[in-house]
Amino acid sequence: MKNLLFIVLGILIVSTGVVFALNNNAKVNADNHANKNVLVAYFSATGTTKRVAQNLAKATGGDLYEIKPVKAYTSADLNWHDENSRTSVEMNNPKLRPEIVTGDLSVENYDTIYLGFPIWWGTAPKVVHTFLEKYDFSGKKIIIFATSGSSELGNTANTLKQSVSKTATVIKGDVLNSNPPVEDLKQWVKKF
Ligand SMILES: Cc1cc2nc3c(=O)[nH]c(=O)nc-3n(C[C@H](O)[C@H](O)[C@H](O)COP(=O)(O)O)c2cc1C
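Per the working numbering, the very first residue in the sequence shown carries number -7; after that it's consecutive.
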């Protein structure tokens, strides 16, 4: 009788363990699956936005993608004190779209896109418009974030909306200065 009791107890303990392990595994798989739909795309001229994007990719489990201009920006190009510098000329011309490297991104694989860039002259650099106009973002959710000297996003989301299909949603995220740690970004993404 005592032996039978031990056997029943043993079976109960083992089966509880198996159920727990299976449950946990299913949860991990569900999390991984959800994150396969997330892309963190960024443009960064001097590395600040890149660091935020890298942490955001870790926080979301999403894929990281760098928007690369065909011609990289030199420090002379980035001189905003010079009205003839490349960035001054680009930002003053609403129609200008600097060429970007394309061909290695399948936007159709993603539902949610975090899109990061530095604030230039109070808005997004023109290469960000090139990126949005090169791919089909129909039906996608695009959450923008930026780094800056001090400026906020202002009207940037509405300006970028003009470069995507009407069925895409462009959501104003935040300026994420001071390189927030992964744990903070895990909380931040819950807002959207
Ligand atoms: C051409 C140019 C224009 C800029 N305009 C602004 C601006 O309007 N407001 C601001 O707060 N910072 C401005 N900045 C500063 C950048 O937004 C800031 O340094 C940013 O974090 C750089 O990001 P990155 O290292 O990813 O390129 C400007 C920088 C450049 C090069």
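C-beta atoms are modelled at their ideal positions from N, C-alpha and C, and glycine is treated no differently.
Here the structure is a predicted model, which means the values were calculated and not measured.
Next on the checklist: Quick check: what's the CA-CA separation for residue 122 versus residue 176?
Outcome noted: Stepping through the sequence shown from its first residue, residue 122 is reached at position 130. Stepping through the sequence shown from its first residue, residue 176 is reached at position 184. The alpha-carbon atoms of residue 122 and residue 176 are separated by roughly 30 Å.
Checklist entry - So who's on the other strand from residue 110, going by DSSP bridges? => result One-based indexing of the sequence shown puts residue 110 at position 118. Beta-bridge pairing links residue 110 to 139.
Item to check | residue 47 versus residue 173 - alpha carbon distance | outcome: Mapped onto the sequence shown, residue 47 falls at position 55. Mapped onto the sequence shown, residue 173 falls at position 181. Roughly 7 Å separates the two Cα atoms.
Checklist entry - Skipping 5 residues on each side, what residues in its chain have a beta carbon closer than 8 Å to that of residue 74? => result Taking the first residue of the sequence shown as position 1, residue 74 is located at position 82. Same-chain partners within the cutoff: 68, 80.
Checklist entry - Would you say residue 181 reaches chain B, if we count a Cβ-Cβ gap shorter than 7 Å as a contact? => result Protein chain content of the structure displayed is limited to a single chain, and chain B is not contained in it.
Checklist entry - Thinking C-alpha only, which one of 111, 77, 142, 97 is nearest residue 32? => result Numbered from its first residue, the sequence shown carries residue 32 at position 40. Shortest Cα-Cα distance from residue 32 to any of 111, 77, 142, 97 involves 97.
Checklist entry - Looking at the structure shown, is residue 161 part of a helix, part of a strand, or coil, going by DSSP? => result Residue mapping note: residue 161 aligns to position 169 of the sequence shown, counting from 1. It is a strand residue.
Item to check | Alpha-carbon spacing of residue 113 relative to residue 63, whole angstroms | outcome: Locating residue 113 in the sequence shown gives position 121, counting from the first residue. Locating residue 63 in the sequence shown gives position 71, counting from the first residue. Each residue's alpha carbon lies about 20 Å from the other.
Item to check | Those runs of the beta strand (DSSP E) which lie wholly inside the segment 37 to 91 and span at least 3 residues | outcome: Secondary structure remark: continuous beta strand (DSSP E) runs of at least 3 residues inside the segment 37 to 91, in chain order: 55 to 58.
Checklist entry - Who are the Cβ neighbours of residue 133 in its own chain at under 6 Å, not counting the five residues just before and after it? => result Taking the sequence shown and counting its residues from 1, the one referred to as residue 133 is at position 141. 104, 161.
Next on the checklist: Less than 7 Å between the beta carbons of residue 155 and residue 107, yes or no?
Outcome noted: Along the sequence shown, read from residue 1 onward, the residue named residue 155 stands at position 163. Along the sequence shown, read from residue 1 onward, the residue named residue 107 stands at position 115. The Cβ atoms of residue 155 and residue 107 do not sit closer than 7 Å to each other.
Next on the checklist: Can you give me the C-alpha to C-alpha distance between residue 39 and residue 139, rounded to a whole angstrom?
Outcome noted: Here residue 39 refers to the residue found at position 47 when the sequence shown is read from its first residue. Here residue 139 refers to the residue found at position 147 when the sequence shown is read from its first residue. It is roughly 10 Å from the alpha-carbon of residue 39 to the alpha-carbon of residue 139.
Next on the checklist: Counting C-beta neighbours from all protein chains within 10 Å, is the total for residue 184 16 or more, i.e. buried, or is it exposed?
Outcome noted: Walking along the sequence shown from the start, residue 184 turns up at place 192. It counts as exposed.
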